[in-house]
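What follows is one structure encoded as structure tokens, with my remarks underneath.
Numbering (the working numbering), first residue to last: 220 to 515.
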């Protein structure tokens, strides 16, 4: 990797699934982190196998020469008490800041179907105008909390949630403060939602603070019926894979990122069954693929 402003990490979900803990449940955290380091990655995000306090997080990462890039955090601003949700953001930022992270990936998960095996993707919630305004105001406050810790809020659009497609993402961006609310752009979730990731990155890189590189097996995607199949069933069918193993044009996306002067993390992420798709082998092949993109 020649660009010193960009760090390449990999997510633990490639080994052990957070939404379906039985997938990769036999992988120990030490094994996961050891294989990340072996494959040449610089950092990772928090997964369900991680300890719950900052000192233990720092120690286990230091053991494997890895940095903490960020962590997912679910908010429920549209379905629960907003002040209590903001306090949870404050607590998570405190933990992450002490553990060394500068980014928190927030996703609004009220009424989401992404974690329900039997809820088709077409049943995703849709924001009313009032809900957009409530969500935007809440995220602005959450972003201010993150800023107070010297951190940044990167909003994670996600299949099956209120903020899934391009119109929804852009509506939220237009209603939020660009100094408080940034974006975690996920190539796989963009493409899955019908968004051209190359054009999206060209248009929105000034708001992008964190990047997830996720590839898609297009032949699997083409056969997913949004009216009858859930997000989790799509994962089990193998819709996601690592960069270089699917159909997304990461060369063009990489060129856009390089030209933009982006500084921060790119996290390789692919929810897969490790019993079928060997996570270490895919981690190594993806790192080589990305190194080649960045060396050209």
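Where a beta carbon is used, it is the ideal one built from N, C-alpha and C, also for glycine.
Of the listed residues the options, nearest to residue i (C-alpha basis)
| i | options | result |
| --- | --- | --- |
| residue 321 | 453, 473, 364 | 364 |
| residue 475 | 415, 385, 388 | 415 |
| residue 489 | 479, 449, 502 | 502 |
| residue 383 | 329, 398, 361 | 329 |
| residue 280 | 262, 393, 418 | 262 |
| residue 264 | 500, 513, 487, 344 | 487 |
| residue 210 | 269, 237, 260 | Outside the shown range of the chain, which is 220 to 515, sits residue 210, and nothing can be said about it. |
| residue 255 | 232, 274, 302, 271 | 232 |
| residue 420 | 398, 468, 491 | 468 |
Supposed contact pair residue j and residue i - C-beta distance, whole angstroms, cut 8 Å
| i | j | result |
| --- | --- | --- |
| residue 230 | residue 276 | Their Cβ separation, rounded to whole angstroms, is 15 Å, which puts residue 230 and residue 276 out of contact at 8 Å. |
| residue 509 | residue 465 | The Cβ separation is near 13 Å, so there is no contact. |
| residue 370 | residue 408 | With a Cβ gap of about 22 Å, residue 370 and residue 408 do not count as contacting. |
| residue 485 | residue 325 | Wrong, their Cβ atoms sit about 19 Å apart, outside the cutoff. |
| residue 360 | residue 305 | 6 Å |
| residue 391 | residue 426 | That belief does not hold up - the Cβ atoms of residue 391 and residue 426 are roughly 10 Å apart, past 8 Å. |
Residue i to residue j span [Cα, whole Å]
| i | j | result |
| --- | --- | --- |
| residue 372 | residue 481 | 16 Å |
| residue 241 | residue 284 | 27 Å |
| residue 244 | residue 235 | 6 Å |
| residue 446 | residue 456 | 16 Å |
| residue 459 | residue 374 | 21 Å |
| residue 351 | residue 400 | 14 Å |
| residue 332 | residue 450 | 8 Å |
| residue 312 | residue 266 | 16 Å |
| residue 291 | residue 239 | 15 Å |
| residue 497 | residue 258 | 13 Å |
| residue 452 | residue 336 | 6 Å |
| residue 515 | residue 412 | 30 Å |
| residue 472 | residue 295 | 32 Å |
| residue 286 | residue 463 | 24 Å |
Reduced DSSP category for residue i - H, G, I as helix; E, B as strand; rest coil
| i | result |
| --- | --- |
| residue 456 | coil |
| residue 221 | Any reading at residue 221 must be qualified, since the residue scores a pLDDT of 45, below 50, and its modelled position is unreliable; the value itself is stated next. Residue 221: coil per DSSP, three-state reduction. |
| residue 483 | strand |
| residue 261 | coil |
| residue 410 | helix |
(request) With a floor of 3 residues, list each beta strand (DSSP E) that falls wholly inside the region 318 to 367, ordered by position along the chain. (result) 322 to 327
(message) Which runs of the alpha helix (DSSP H) at least 4 residues long sit entirely within the region 413 to 444? Give them in chain order.
(response) 416 to 423, 437 to 440
(message) Which complete alpha helix (DSSP H) runs does the region 282 to 321 hold, if anything under 4 residues is left out?
(response) 301 to 318
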